[in-house]
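When we follow full-length UniProt numbering, the leftmost residue of the sequence shown carries the number 1, and every step to the right adds one. The beta-carbon is built from N, C-alpha and C at its ideal position, and this holds for glycine as well. Remember, it's a predicted structure, so these values are computed and weren't measured experimentally. Notes follow the structure.
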Amino acid sequence: MASSHDGESSYFSYLDVFLLGVFILVLFLIVRKFRRRARGDDERVKKLQINPVIKQISSPVYSSSLSTSGSFIDKMKTRKKRVLILYGSQTGTGEEFSNRLAKDSSRLGLPAMTFDPEDCTDWDDLTRVGQEVEGSLVIFVMATYGEGDPTDNAQEFFDWLKETTDNLQGLKYTVFGLGNKTYEHYNEMGRYVDQRLEELGGERIYVRGEGDDDGNIEEDFITWKEGLWPEVMQYFKIDSSQATAVGREYEFSLHTEISTDEVFTGEPNRLGSYKNQKVPYNSKNPFLAPVTVIRELHKGGDRSCMHIELDITGSKLSYVAGDHVAIFPMNDPQQVERIGELLGIDLDSVFSLTNVDPEATKPHPFPCPTNKKLGATLLFFGCRNCAHDYLYQEELEEYESKGILSGLYVAFSREQIQFCRFVSRKEVWELIEGQGFFYVCGDARNMARDVQNTLLSIIKEHGGKTETEATEYIKKLQKRGRYLQDVWS
Numbered sequence: 001m002a003s004s005h006d007g008e009s010s011y012f013s014y015l016d017v018f019l020l021g022v023f024i025l026v027l028f029l030i031v032r033k034f035r036r037r038a039r040g041d042d043e044r045v046k047k048l049q050i051n052p053v054i055k056q057i058s059s060p061v062y063s064s065s066l067s068t069s070g071s072f073i074d075k076m077k078t079r080k081k082r083v084l085i086l087y088g089s090q091t092g093t094g095e096e097f098s099n100r101l102a103k104d105s106s107r108l109g110l111p112a113m114t115f116d117p118e119d120c121t122d123w124d125d126l127t128r129v130g131q132e133v134e135g136s137l138v139i140f141v142m143a144t145y146g147e148g149d150p151t152d153n154a155q156e157f158f159d160w161l162k163e164t165t166d167n168l169q170g171l172k173y174t175v176f177g178l179g180n181k182t183y184e185h186y187n188e189m190g191r192y193v194d195q196r197l198e199e200l201g202g203e204r205i206y207v208r209g210e211g212d213d214d215g216n217i218e219e220d221f222i223t224w225k226e227g228l229w230p231e232v233m234q235y236f237k238i239d240s241s242q243a244t245a246v247g248r249e250y251e252f253s254l255h256t257e258i259s260t261d262e263v264f265t266g267e268p269n270r271l272g273s274y275k276n277q278k279v280p281y282n283s284k285n286p287f288l289a290p291v292t293v294i295r296e297l298h299k300g301g302d303r304s305c306m307h308i309e310l311d312i313t314g315s316k317l318s319y320v321a322g323d324h325v326a327i328f329p330m331n332d333p334q335q336v337e338r339i340g341e342l343l344g345i346d347l348d349s350v351f352s353l354t355n356v357d358p359e360a361t362k363p364h365p366f367p368c369p370t371n372k373k374l375g376a377t378l379l380f381f382g383c384r385n386c387a388h389d390y391l392y393q394e395e396l397e398e399y400e401s402k403g404i405l406s407g408l409y410v411a412f413s414r415e416q417i418q419f420c421r422f423v424s425r426k427e428v429w430e431l432i433e434g435q436g437f438f439y440v441c442g443d444a445r446n447m448a449r450d451v452q453n454t455l456l457s458i459i460k461e462h463g464g465k466t467e468t469e470a471t472e473y474i475k476k477l478q479k480r481g482r483y484l485q486d487v488w489s
């Protein structure tokens, strides 16, 4: 029994070893096979691998000023530009005009670039640009801000120009100024830059232009630049036959394969979103709110100011102060049909106009301290007649009674608001001195200027400042965004 037991033990031990060996061999072969396949895959990947090629793309003939700060001479040399357009802009108009000048110049064979003065690190570049950039021209587009002041982005340039004694001989330049004749110091910045550059030895190659925002500043600009380019071409001896036409360029495409049902009709994002309204609503998916109330705020006379209420039921939207409402206009179908007949065109044809050289416009929102705890607030309201022109009388008086307004002061009978100047002068000073904000809204021709003169008087009286100190105090308020105006003519 013992012998038989030992034999069985040995037999099973050999079998176990044999099976284990077979298992190890199979495992080895499998691993080896996968390794070979992996190496083969690696070789195939290497063969299929795409080596990146870096190709330098030439820059367009015009360029924006979005680059980092530095020397504009270096940028002109690097980008091979001959025309530099420096702009002082507060609301964006000066910058827009500069971009248009850059495009016009480039189409005439004079590669141009715009440059924000705020990005300049060395204004001595102006003394060298005439010598270091052959055949160069510098165009200054300068807006006047406030009472004859430079714009925020041109302040350092203005300070340098005022203090420098450097010789600008060799500098070829011209100036276009932007201003508003309702202000006392009309186009002060453009005129000063033009005069000062000439005093320092610069050569004016074309007469200064002036745009009046109280009139038609666009027309002023177009008229000026129409005379500019022939003068520039003659000065630089450019053959007019080599230049392309100056103007906005569009690409016209007719799409015969597209149905009118596949065309956007004003929807900002989703096709048919105006016909099939779906939540959630936002700026890209606006809610079409029906008008429920329209009432005239003027109680008499020939003036009109409408109060309009919209129904946003079902939209899950809530109005917040500062929100904007857009008007979705509808053309008279009969007039559209008539125009189509006169022009001899198919009104159902689908086409597109693509701006060959689109230029984005920077938003410049009006600063408003929303979503903040409201401090002491004084409201001065002036209009012609209490019976006819006192807009939102009930609401304003309710705000005062509830303490939302700390004080409500009104003036009527064609008396402008400045005739309230002896009301609460000390309180106005205390609010301003206590880091308060000063908002002016209304007529720019007389009211805004008179209000500023009244504030100047208050600062002198209660702040104990001289005329010069009070004027400088107001300038600092404006630069820090604490004196804000939304005025019109």
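Exercise. Hey, would you say the C-beta of Tyr235 is under 7 Å away from at least one heavy atom of the ligand SAM?
Worked result: Of the ligands one can find in the structure shown there are none, so the ligand SAM has no counterpart to examine.
Exercise. Which residues does DSSP pair with Thr144 in a beta bridge?
Worked result: Pro150
Exercise. Can you tell which of Phe328, Thr354, Gln435, Lys278 has its C-alpha closest to the C-alpha of Arg482?
Worked result: It is Gln435 whose Cα lies nearest to the Cα of Arg482.
Problem set entry | Helix, strand or coil at Gly211 [DSSP, three-state] | strand
Exercise. Is Val451 buried or exposed, if buried means 16 or more other CB atoms sit within 10 Å of its CB?
Worked result: buried
For this session: Could you check the C-alpha separation between Lys479 and Ile258 for me, to the nearest Å?
Result: Cα to Cα, Lys479 sits roughly 53 Å from Ile258.
For this session: Report the rounded CA-to-CA distance for Val133 versus Thr223, giving the unit in angstroms.
Result: Distance between the alpha carbons of Val133 and Thr223 is about 29 Å.
Exercise. Would DSSP call Cys386 helix, strand or coil?
Worked result: helix
For this session: Compare the beta carbon distance of Phe351 and Leu317 with 8 Å and say whether it is the shorter of the two.
Result: no
For this session: Going by DSSP, name the residue or residues bridged to Tyr483.
Result: Phe438
Problem set entry | Proximal residues to Asn456 (C-beta, below 7 Å), its chain only, five neighbours per side dropped | At residue 456 the sequence reads Leu, which differs from the Asn that was named. Cβ neighbours of Leu456 beyond the five flanking positions: Ala470, Thr471, Ile474.
Problem set entry | Residues sharing a beta bridge with Asn355, DSSP | Tyr250
Exercise. In this structure, does DSSP put Tyr409 in helix, strand or coil?
Worked result: strand
Problem set entry | Which of helix, strand or coil DSSP assigns to Val61 | Bear in mind that the predicted position of Val61 carries a pLDDT of just 41, short of 50, making it unreliable; the figure below should be weighed with that in mind. The answer is coil: DSSP assigns Val61 none of H, G, I, E or B.
Exercise. Taking just the CA atoms, how far does Ile458 sit from Glu467?
Worked result: 11 Å
For this session: Using only alpha-carbon positions, find the residue among Thr377, Leu200, Leu408 that is nearest to Tyr392.
Result: Leu408
Exercise. Between Gly177 and Arg208, which are expected to be in contact by the criterion C-beta below 8 Å, what is the C-beta distance as a whole number of angstroms?
Worked result: 7 Å
For this session: Would you list the one or two residues that DSSP bridges to Lys172?
Result: According to DSSP, Lys172 bridges with Glu203.
Exercise. What three-state label does DSSP hand Glu95 in the structure shown?
Worked result: helix
Problem set entry | Met306, buried or exposed, once every other Cβ within 10 Å from all chains shown has been counted against 16 | exposed
Exercise. Is the number of C-beta pairs between the segment 216-232 and the segment 317-327 that are closer than 8 Å three or more?
Worked result: no
For this session: Less than 8 Å between the CB atoms is what I'm expecting for Ile85 and Ala112, so what's the real figure, rounded?
Result: 6 Å
For this session: Determine, using beta carbons only, whether Phe437 and Leu484 come nearer to each other than 8 Å.
Result: Against a cut-off of 8 Å, the Cβ pair of Leu484 and Phe437 comes out as a contact.
Exercise. Apart from the five residues just before and just after Thr354, which ones in its own chain have a Cβ nearer than 6 Å to its Cβ?
Worked result: Glu251
Problem set entry | Beta-carbon contacts of Leu477 that lie in its chain and below 8 Å, excluding the five residues immediately before and after | Ile432, Phe438, Tyr483
Problem set entry | Continuous beta strand (DSSP E) stretch holding Arg295: start and end | Run containing Arg295: 291-296, per the beta strand (DSSP E) assignment.
Exercise. Ile139 and Leu110: beta carbons closer than 8 Å?
Worked result: no
Exercise. Helix, strand or coil: how does DSSP classify His324 here?
Worked result: It is coil, neither helix nor strand.
For this session: Could you check the C-alpha separation between Trp123 and Val487 for me, to the nearest Å?
Result: 34 Å
Exercise. For Phe97, which option in Val141, Leu310, Met76 has the closest C-alpha, if you only look at C-alpha atoms?
Worked result: Val141
Exercise. Helix, strand or coil for Phe264 per DSSP?
Worked result: coil
Problem set entry | Phe158: first and last residue of the uninterrupted beta strand (DSSP E) it sits in | Where Phe158 is concerned, there is no enclosing beta strand (DSSP E), although the alpha helix (DSSP H) around it starts and stops at 155-163.
Exercise. Near Asp166, what residues of its chain come up, given a Cβ to Cβ distance below 8 Å and the 5 sequence neighbours on each side ignored?
Worked result: Asp124, Leu126, Thr127, Leu200
Problem set entry | Neighbourhood of Glu296 by C-beta, 8 Å cutoff - its chain only, sequence neighbours within 5 removed | Ser304, Cys305, Met306, His307
Exercise. Which residue's Cα is closest to the Cα of Val193: Gln277, Ile294, Leu161?
Worked result: For the residues Gln277, Ile294, Leu161, the minimum Cα distance to Val193 belongs to Leu161.
For this session: Figure out for me which residue from Pro290, Ile205, Arg79, Gln90 has the closest Cα to the Cα of Asn153.
Result: Gln90
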